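Report on one structure; see the data block that follows.
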Amino acid sequence: MSTAVVVGSGIAGILSSILLKRKFEDVYIIEKNNQIGGLLKSFRNNEGIEFDCGTHFLRDTGHTELDALLFKEKLMDDWLVLDYLKVGNFFGGKLNDHSPFVDSTCLSEELYQKGMMELLSLGSLKTDYKNLEDQFHNLFGVIFTNYIFKPALQKFFGQELHEIVPNAHSLFIPSRLLGFNPETTRELKKSPVFDSKLGFHSYKDGLSNCKNYYPKCRGIGLWIENLTETLHENGVKIIAGSSVKQIKGSNQCVDSVVLDNGSQLNCNQLVWTVPPFLFIKACGLMSPIQFSPPARLFSGLHHFVFDKPFLTDLYYLSCYDPDFISFRVTLYPNVQQPKKSQGKYHLTVEVLSQGVPDLKRDSQTVFYELQKMKIITNTSKVLARDSEVVSGGFPIPTQKFVKGSQAQLELAKKQFNNSLFLGKNTGNSWFLNEVLVDTYHSITELLGA
Ligand SMILES: Cc1cc2nc3c(=O)[nH]c(=O)nc-3n(C[C@H](O)[C@H](O)[C@H](O)COP(=O)(O)OP(=O)(O)OC[C@H]3O[C@@H](n4cnc5c(N)ncnc54)[C@H](O)[C@@H]3O)c2cc1C
1 MSTAVVVGSG IAGILSSILL KRKFEDVYII EKNNQIGGLL KSFRNNEGIE
51 FDCGTHFLRD TGHTELDALL FKEKLMDDWL VLDYLKVGNF FGGKLNDHSP
101 FVDSTCLSEE LYQKGMMELL SLGSLKTDYK NLEDQFHNLF GVIFTNYIFK
151 PALQKFFGQE LHEIVPNAHS LFIPSRLLGF NPETTRELKK SPVFDSKLGF
201 HSYKDGLSNC KNYYPKCRGI GLWIENLTET LHENGVKIIA GSSVKQIKGS
251 NQCVDSVVLD NGSQLNCNQL VWTVPPFLFI KACGLMSPIQ FSPPARLFSG
301 LHHFVFDKPF LTDLYYLSCY DPDFISFRVT LYPNVQQPKK SQGKYHLTVE
351 VLSQGVPDLK RDSQTVFYEL QKMKIITNTS KVLARDSEVV SGGFPIPTQK
401 FVKGSQAQLE LAKKQFNNSL FLGKNTGNSW FLNEVLVDTY HSITELLGA
């Protein structure tokens, strides 16, 4: 009897389990929480209104077999299929409700002119950057870096940009700016150099064929319910409320895993989607590498129900303004367009912090920020509010963090030939579709081997 054990039931664990069942007779998925789904959960308030906890929208990966598996037609009847998402941003005291990119014209005329002159005169793009500051200087010049990207990113990272590794900004802010007018931008974007620096002025421009999906009337957790059906149909065994205490092996192979309730599962293939330092610990390894979890930001989620419609039709927006604590605001009724709103309009505001957040204080601050950003009216009343914290979320990718995480992953990988490390906790992928594609390729390669 061949058995695969998958640890962690986020999307990496769920997809791995479905694929592994093609080869292994028994597939177990071990999840420490009582509910599966990781960051794709939805929170349901006392009145049954749903709010999302991590990723909100699904999007085709562009990989035919994978998309067919994930977005099965029979399961998608309850989903909206969206050609584009209405995404905006708030920066420099202004709500831009037609583009996710920061508008450089929000700077003073003098700074904007100087910044644009600098941007237009920059030389060719480097391929190798020392750190994030170096990357932004090369892409946008000193002025736009200092007046736009630095304040926006230090708000999240709480670190100087030269401490942060290149490309880490993509967790929070797109690496393009708005400048000029829409027509000039379209012309300039025909050049690859300007295409990499300038964003389209509207979220309707530059669309691909990939569709986006969101439930017609529930939260993103519906997807996990859909995928749980697929897990059951395939005979995957889910063990929730449990974690792996010990990994036993011989001859460079994992033989079995021991769960925290003392039970033992034989194991011919282990797929680990939770932090590698937990693997090292479960192997009982003494190592010079720190075992502690890597530094991550806390995500405070503030769910509100208001009595009046919102002042914008955006689906979501990111707030880069350093004077505001809000990060991302998701406005569910704008997406779902309910026929009857019954006077209830719900949204979620994400707030990132380096320390444990004070949820009560932040919820009040966020309420005032929603008024200042002109998302709710000054007379909108709160009908319901809930707050929660997602820990272990966004990493703070300093050079030290990345080196430490890579060293932990390398040490873990060296132990056994039949263990595979996948998901966001490897540090190799972060966004949902990156995790999906990476997981799909890794498992199909394993199965083909
Ligand atoms: C607040 C937030 C917002 C995000 N928004 C977006 C977005 O808009 N778009 C996007 O593309 N990506 C977004 N992401 C990233 C994306 O959602 C995740 O990277 C992706 O879902 C990761 O999937 P995963 O399976 O690797 O990890 P996770 O979803 O974290 O799953 C890991 C699972 O393992 C479980 N676990 C942990 N320790 C143990 C243990 N010891 N034993 C057993 N189980 C354990 C956890 O409970 C969890 O269920 C967001 C992330 C966060 C934190």
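Numbering of the sequence shown is given in the numbering used here, commencing with residue 1 and proceeding in unit increments. Backbone N, C-alpha and C define an ideal beta-carbon position, used for all residues, glycine too. Being a predicted model, the structure only gives us computed values, none of them experimental.
Out of curiosity, what's the CA-to-CA distance linking residue i and residue j?
i: ILE36; j: ASP52; result: 14 angstroms
i: HIS302; j: ASP323; result: 18 angstroms
i: ARG361; j: LEU411; result: 42 angstroms
i: PRO166; j: LYS339; result: 45 angstroms
i: LYS94; j: ALA152; result: 14 angstroms
i: HIS232; j: TYR28; result: 11 angstroms
i: GLY38; j: GLN113; result: 46 angstroms
i: ILE30; j: PHE180; result: 52 angstroms
i: LEU314; j: GLN336; result: 12 angstroms
i: SER363; j: GLN371; result: 13 angstroms
i: ILE375; j: PHE310; result: 6 angstroms
i: VAL5; j: THR426; result: 17 angstroms
i: GLY235; j: GLY10; result: 18 angstroms
i: MET1; j: ASN33; result: 28 angstroms
i: LEU70; j: ILE220; result: 13 angstroms
i: VAL87; j: HIS98; result: 7 angstroms
i: TYR440; j: PHE90; result: 36 angstroms
i: LEU359; j: LEU58; result: 28 angstroms
i: THR55; j: ASN378; result: 29 angstroms
i: ASN418; j: LEU270; result: 6 angstroms
i: LEU401; j: ALA295; result: Per the sequence shown, residue 401 should be read as Phe rather than Leu. When rounded, the distance between both Cα atoms is 7 angstroms.
i: PHE431; j: GLY393; result: 12 angstroms
i: GLY123; j: VAL142; result: 13 angstroms
i: GLU350; j: GLN252; result: 43 angstroms
DSSP on residue i, reduced to helix/strand/coil?
i: ASN45; result: coil
i: SER104; result: helix
i: VAL175; result: A quick correction: the sequence has Ser, not Val, at residue 175. In the structure shown, SER175 sits in coil (DSSP, three-state: anything other than H, G, I, E or B).
i: PRO322; result: coil
i: ASN251; result: coil
i: ILE280; result: helix
i: HIS98; result: coil
i: TYR203; result: coil
i: ARG186; result: helix
i: GLY300; result: strand
i: LEU85; result: coil
i: LEU285; result: coil
i: ASN226; result: helix
i: TYR316; result: strand
Should residue i go down as buried or exposed, given a rule of 16 or more other Cβ atoms within 10 Å for buried?
i: MET117; result: exposed
i: ARG328; result: buried
i: THR64; result: exposed
i: THR459; result: For residue 459 there is no data in the structure shown, the boundaries of the chain being 1 and 449.
i: LYS424; result: buried
i: THR348; result: buried
i: ASP83; result: exposed
i: ALA168; result: buried
i: LYS190; result: exposed
i: GLY48; result: exposed
i: LEU447; result: exposed
i: PRO182; result: exposed
i: ALA240; result: exposed
i: CYS319; result: buried
i: SER108; result: exposed
i: GLN342; result: exposed
i: ASN209; result: exposed
i: GLU73; result: exposed
i: ARG176; result: buried
i: SER16; result: buried
i: PRO395; result: buried
i: GLU434; result: exposed
Could you tell me which residues DSSP puts in a beta bridge with residue i?
i: PHE310; result: In DSSP, PHE310 forms no bridge with anything.
i: TRP272; result: VAL7, PHE421
i: PRO338; result: Bridge partners of PRO338: none, in fact.
i: ALA240; result: GLU31
i: VAL305; result: HIS346, ALA384
i: TRP79; result: PRO215
i: SER256; result: LYS248, ASN266
i: PHE91; result: LYS94
i: LEU231; result: DSSP lists no partner for LEU231.
i: VAL329; result: LEU317, VAL349
Exercise. Which residue spans inside the region 397 to 447 form an unbroken alpha helix (DSSP H) run of at least 4?
Worked result: Entirely contained in the region 397 to 447, the alpha helix (DSSP H) runs reaching 4 residues are, in chain order, 399 to 415.
For this session: Please go through the region 13 to 70 and give each complete alpha helix (DSSP H) segment of 4 or more residues, from N-terminal end onward.
Result: Entirely contained in the region 13 to 70, the alpha helix (DSSP H) runs reaching 4 residues are, in chain order, 64 to 70.
Exercise. If you scan the region 106 to 182 from start to end, which runs of the alpha helix (DSSP H) of 4 or more residues do you find wholly inside it?
Worked result: You should have 109 to 121, 132 to 144, 150 to 157.
Problem set entry | Within the region 350 to 399, ranges of the alpha helix (DSSP H) (whole runs, at least 4 residues) | Correct list: 359 to 372.
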